[in-house]
Amino acid sequence: MTEEEKGNHQLLLELCAAFNAHDLDRITAYFAEDSSLDMPRGSRPWGTRFTGKDAVRKGLAMRFEATPDVHYSDDRHWVSGSMGVSEWLLTGTTRGGDKVEVRGCDHYEFRNGRVIRKDSYWKIVE
């Protein structure tokens, strides 16, 4: 593993901890100003896209608002060059009282030690 890959792997570990702390300041500190976030749901094939650090923060805030106790566990992270993947089990309760338990993953792209793209996917539980 290169030094860059080691740094990106550590970034994914720290980012997961920041998500579990629901700390938007800490989370967005890992994102570049020109970053983008693709959420798993939306009216387009890529879900809902948020472009720019401020928009990414708003998109992530919506996740915490929809599922206030969201938690990521059983996580695994790996990197190759400037790309990375985090795999996890998301659990929580929506504002409407529905319990959520779903496997998912995030595909990341990095530049200069920052996230420039986060693309989220999760299973559809029926």
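Following this note's numbering, the numbering of the sequence shown begins with 1286 at its first residue and continues without gaps.
Heads up, the beta-carbon is just placed ideally off N, CA and C, and yes, glycines get one too.
Cβ distance (whole Å) where residue i is taken to contact residue j below 8 Å
i: Phe-1316; j: Arg-1399; result: 6 Å
i: Thr-1379; j: Val-1387; result: So it is not a contact: roughly 12 Å between Cβ atoms.
i: His-1362; j: Leu-1297; result: 4 Å
i: Thr-1333; j: Ser-1321; result: No, Thr-1333 and Ser-1321 are not in contact; Cβ-Cβ is about 11 Å, not under 8 Å.
i: Gly-1389; j: Ser-1405; result: 7 Å
i: Arg-1342; j: Leu-1309; result: 6 Å
i: Phe-1349; j: His-1307; result: 5 Å
Run of the alpha helix (DSSP H) containing residue i, from where it starts to where it stops
i: Met-1286; result: First-last for Met-1286: undefined, no H or E at that position.
i: Asp-1339; result: 1338-1351
i: Arg-1380; result: Segment: none, Arg-1380 is in no alpha helix (DSSP H) and carries neither H nor E.
i: Ala-1314; result: 1309-1314
Cβ-heavy atom distance, residue i to the ligand COA, below 7 Å
i: Val-1385; result: Here there are no bound small molecules, and the ligand COA is not part of this structure.
Cα-Cα separation, residue i to residue j
i: Met-1368; j: Asp-1323; result: 15 Å
i: Ile-1312; j: Gly-1382; result: 26 Å
i: Pro-1325; j: Ile-1409; result: 10 Å
i: Trp-1407; j: Trp-1373; result: 9 Å
i: Ala-1302; j: Glu-1411; result: 29 Å
i: Thr-1287; j: Val-1370; result: 16 Å
i: Lys-1291; j: Lys-1338; result: 24 Å
i: Glu-1299; j: Lys-1403; result: 15 Å
Within-8 Å CB hit, residue i to chain C
i: Leu-1309; result: Although the question refers to chain C, the structure presented lacks it and comprises just one protein chain.
7 Å CB neighbourhood of residue i in its chain, flanking five on each side removed
i: Ile-1401; result: Ala-1317, Asp-1319, Ser-1320, Glu-1394 and Phe-1395
i: Ala-1346; result: Leu-1309
Where the beta strand (DSSP E) through residue i begins and ends
i: Asp-1404; result: 1399-1407
i: Val-1364; result: 1356-1365
Chain-order list of residues whose beta-carbon lies under 8 Å from that of residue i (same chain, five-residue window excluded)
i: Ala-1351; result: Thr-1379 and Arg-1380
Can at least three beta-carbon pairs, one atom from the region 1353-1363 and one from the region 1327-1335, be found at a separation below 8 Å? no
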